[in-house]
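Position in the sequence shown (from 1) plus 735 gives the number in our numbering. Inspection log for the structure reproduced underneath, given as C-alpha coordinates.
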Amino acid sequence: MHPKFDRLDQTIGGWMESYGHVAHRFGLALLFVWFGLLKPFGYKTTTSLLAETIYWGSPEYMVPILGWWEFAIGISLLIRPLIRLGILLLLIRLPGTLLAFLLLPDICFEKGFLVPTPEGQYLVKDLVLFTAAMIIGGTVREEHPRKIFH
736 MHPKFDRLDQ TIGGWMESYG HVAHRFGLAL LFVWFGLLKP FGYKTTTSLL AETIYWGSPE
796 YMVPILGWWE FAIGISLLIR PLIRLGILLL LIRLPGTLLA FLLLPDICFE KGFLVPTPEG
856 QYLVKDLVLF TAAMIIGGTV REEHPRKIFH
(Lines of atoms letter the chains of each structure in order from A and count residues from 1; the text may use other names and numbers.)
(Lines give C-alpha, C1' and ligand atoms only; values in the text may rest on other atoms or scores of the structure.)
Protein backbone atom coordinates (compact mmCIF):
# COMPACT_ATOMS: atom_id res chain seq x y z
CA MET A 1 0.00 0.00 0.00
CA HIS A 2 1.22 3.50 -0.78
CA PRO A 3 2.56 5.23 2.40
CA LYS A 4 0.05 8.12 2.19
CA PHE A 5 -2.87 5.70 1.87
CA ASP A 6 -1.43 3.59 4.68
CA ARG A 7 -1.30 6.63 7.01
CA LEU A 8 -4.84 7.59 6.03
CA ASP A 9 -5.98 4.00 6.60
CA GLN A 10 -4.30 3.95 10.03
CA THR A 11 -5.89 7.28 10.96
CA ILE A 12 -9.37 6.19 9.91
CA GLY A 13 -8.95 2.79 11.55
CA GLY A 14 -7.73 4.39 14.77
CA TRP A 15 -10.69 6.76 14.83
CA MET A 16 -13.10 3.87 14.29
CA GLU A 17 -11.41 1.88 17.05
CA SER A 18 -11.64 4.83 19.44
CA TYR A 19 -15.25 5.78 18.76
CA GLY A 20 -16.88 2.79 17.06
CA HIS A 21 -18.07 0.92 20.15
CA VAL A 22 -19.48 4.08 21.71
CA ALA A 23 -21.31 5.04 18.51
CA HIS A 24 -22.56 1.47 18.20
CA ARG A 25 -23.86 1.47 21.79
CA PHE A 26 -25.50 4.89 21.46
CA GLY A 27 -27.13 3.91 18.16
CA LEU A 28 -28.51 0.70 19.64
CA ALA A 29 -29.71 2.58 22.72
CA LEU A 30 -31.45 5.19 20.56
CA LEU A 31 -33.19 2.47 18.56
CA PHE A 32 -34.54 0.75 21.67
CA VAL A 33 -35.63 4.02 23.30
CA TRP A 34 -37.30 5.25 20.11
CA PHE A 35 -39.10 2.04 19.13
CA GLY A 36 -39.86 1.27 22.76
CA LEU A 37 -41.64 4.59 23.29
CA LEU A 38 -43.85 4.07 20.25
CA LYS A 39 -45.64 1.14 21.86
CA PRO A 40 -47.04 2.57 25.11
CA PHE A 41 -48.25 5.65 23.26
CA GLY A 42 -50.42 3.59 20.93
CA TYR A 43 -48.42 3.57 17.71
CA LYS A 44 -48.75 0.34 15.76
CA THR A 45 -45.60 -1.75 15.61
CA THR A 46 -44.90 -5.36 14.80
CA THR A 47 -44.22 -6.04 18.47
CA SER A 48 -47.84 -7.09 18.71
CA LEU A 49 -46.57 -10.32 17.17
CA LEU A 50 -44.36 -10.81 20.21
CA ALA A 51 -47.26 -9.98 22.49
CA GLU A 52 -49.27 -12.79 20.88
CA THR A 53 -46.56 -15.33 21.76
CA ILE A 54 -46.38 -14.29 25.42
CA TYR A 55 -49.37 -15.67 27.24
CA TRP A 56 -49.16 -13.61 30.43
CA GLY A 57 -51.79 -11.17 29.33
CA SER A 58 -53.66 -9.71 26.42
CA PRO A 59 -51.75 -7.82 23.70
CA GLU A 60 -53.62 -4.72 24.87
CA TYR A 61 -51.51 -4.80 28.03
CA MET A 62 -48.44 -6.68 26.82
CA VAL A 63 -47.54 -4.31 23.96
CA PRO A 64 -47.12 -1.27 26.27
CA ILE A 65 -45.20 -3.43 28.76
CA LEU A 66 -42.88 -4.62 25.97
CA GLY A 67 -42.48 -0.99 24.91
CA TRP A 68 -41.40 0.12 28.37
CA TRP A 69 -39.15 -2.96 28.53
CA GLU A 70 -37.45 -1.88 25.29
CA PHE A 71 -37.17 1.67 26.62
CA ALA A 72 -35.42 0.30 29.73
CA ILE A 73 -33.05 -1.69 27.51
CA GLY A 74 -32.17 1.48 25.60
CA ILE A 75 -31.58 3.59 28.71
CA SER A 76 -29.49 0.78 30.23
CA LEU A 77 -27.30 0.61 27.13
CA LEU A 78 -26.88 4.37 27.17
CA ILE A 79 -25.53 4.54 30.74
CA ARG A 80 -22.26 2.61 31.05
CA PRO A 81 -22.78 1.19 34.59
CA LEU A 82 -26.14 -0.24 33.45
CA ILE A 83 -24.95 -2.04 30.30
CA ARG A 84 -25.05 -5.46 31.98
CA LEU A 85 -28.65 -4.82 33.04
CA GLY A 86 -29.59 -3.81 29.49
CA ILE A 87 -28.09 -6.98 28.06
CA LEU A 88 -29.88 -9.06 30.70
CA LEU A 89 -33.20 -7.39 29.82
CA LEU A 90 -32.53 -8.05 26.15
CA LEU A 91 -31.64 -11.68 26.89
CA ILE A 92 -34.91 -12.13 28.80
CA ARG A 93 -36.80 -10.68 25.82
CA LEU A 94 -35.07 -12.97 23.29
CA PRO A 95 -37.24 -16.09 23.92
CA GLY A 96 -40.32 -14.11 22.86
CA THR A 97 -38.66 -13.48 19.50
CA LEU A 98 -37.72 -17.12 19.07
CA LEU A 99 -41.18 -18.29 20.16
CA ALA A 100 -42.79 -16.12 17.50
CA PHE A 101 -40.78 -17.95 14.83
CA LEU A 102 -41.82 -21.33 16.23
CA LEU A 103 -45.46 -20.63 17.12
CA LEU A 104 -46.42 -18.27 14.29
CA PRO A 105 -44.43 -19.36 11.22
CA ASP A 106 -47.32 -18.49 8.90
CA ILE A 107 -47.15 -14.88 10.11
CA CYS A 108 -43.33 -14.75 10.11
CA PHE A 109 -42.68 -16.33 6.71
CA GLU A 110 -44.24 -16.52 3.28
CA LYS A 111 -43.32 -19.00 0.55
CA GLY A 112 -40.90 -20.81 2.80
CA PHE A 113 -38.33 -20.10 5.46
CA LEU A 114 -36.14 -17.82 3.33
CA VAL A 115 -38.86 -15.25 2.62
CA PRO A 116 -39.78 -13.46 5.85
CA THR A 117 -42.88 -11.28 6.01
CA PRO A 118 -42.46 -7.70 7.31
CA GLU A 119 -43.19 -9.08 10.80
CA GLY A 120 -40.60 -11.81 10.28
CA GLN A 121 -38.08 -9.23 9.09
CA TYR A 122 -38.66 -7.31 12.31
CA LEU A 123 -37.92 -10.44 14.33
CA VAL A 124 -34.79 -11.20 12.29
CA LYS A 125 -33.70 -7.63 13.04
CA ASP A 126 -34.24 -8.37 16.74
CA LEU A 127 -31.85 -11.31 16.50
CA VAL A 128 -29.26 -9.08 14.82
CA LEU A 129 -29.72 -6.47 17.54
CA PHE A 130 -29.08 -9.13 20.16
CA THR A 131 -25.81 -10.12 18.50
CA ALA A 132 -24.89 -6.42 18.32
CA ALA A 133 -25.55 -6.17 22.06
CA MET A 134 -23.18 -9.09 22.58
CA ILE A 135 -20.40 -6.95 21.09
CA ILE A 136 -21.27 -4.15 23.50
CA GLY A 137 -21.29 -6.70 26.33
CA GLY A 138 -17.73 -7.57 25.44
CA THR A 139 -16.68 -4.04 26.40
CA VAL A 140 -18.16 -3.85 29.91
CA ARG A 141 -14.91 -4.80 31.62
CA GLU A 142 -12.90 -2.07 29.89
CA GLU A 143 -11.62 0.60 32.24
CA HIS A 144 -13.51 3.88 31.95
CA PRO A 145 -12.95 5.73 35.21
CA ARG A 146 -15.73 8.18 35.98
CA LYS A 147 -17.25 7.91 32.54
CA ILE A 148 -20.96 7.28 32.74
CA PHE A 149 -21.89 7.64 29.08
CA HIS A 150 -18.61 6.88 27.27
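Virtual Cβ for every residue (Gly too), placed ideally from N, Cα, C.
Whole angstroms are fine: how far does the CA of residue j sit from the CA of residue i?
i    : j    : result
V798 : I808 : 15 Å
W803 : L837 : 25 Å
V859 : I842 : 13 Å
E854 : F776 : 20 Å
E752 : P738 : 21 Å
M869 : I822 : 8 Å
A758 : G749 : 14 Å
G831 : S793 : 14 Å
What does DSSP give as the partner residues of residue i in its beta bridges?
i    : result
F770 : DSSP, once it has assigned bridges, lists no residue as partnering F770.
Going by DSSP in three states, residue i sits in which element: helix, strand or coil?
i    : result
P830 : helix
P853 : helix
F844 : strand
W791 : coil
V875 : coil
L862 : helix
L839 : coil
M736 : coil
Would you call the CB atoms of residue i and residue j closer than 8 Å?
i    : j    : result
L772 : F806 : yes
I818 : V863 : no
K779 : L801 : no
L829 : F770 : no
R760 : I871 : yes
Looking at the ligand NAD, does it come within less than 7 Å of residue i, judged from the CB to the closest heavy atom?
i    : result
W769 : No copy of the ligand NAD occurs in the structure displayed, which carries no ligand at all.
| Counting Cβ pairs closer than 8 Å, one from the segment 812 to 820 and one from the segment 747 to 766, do we hit at least three? | yes
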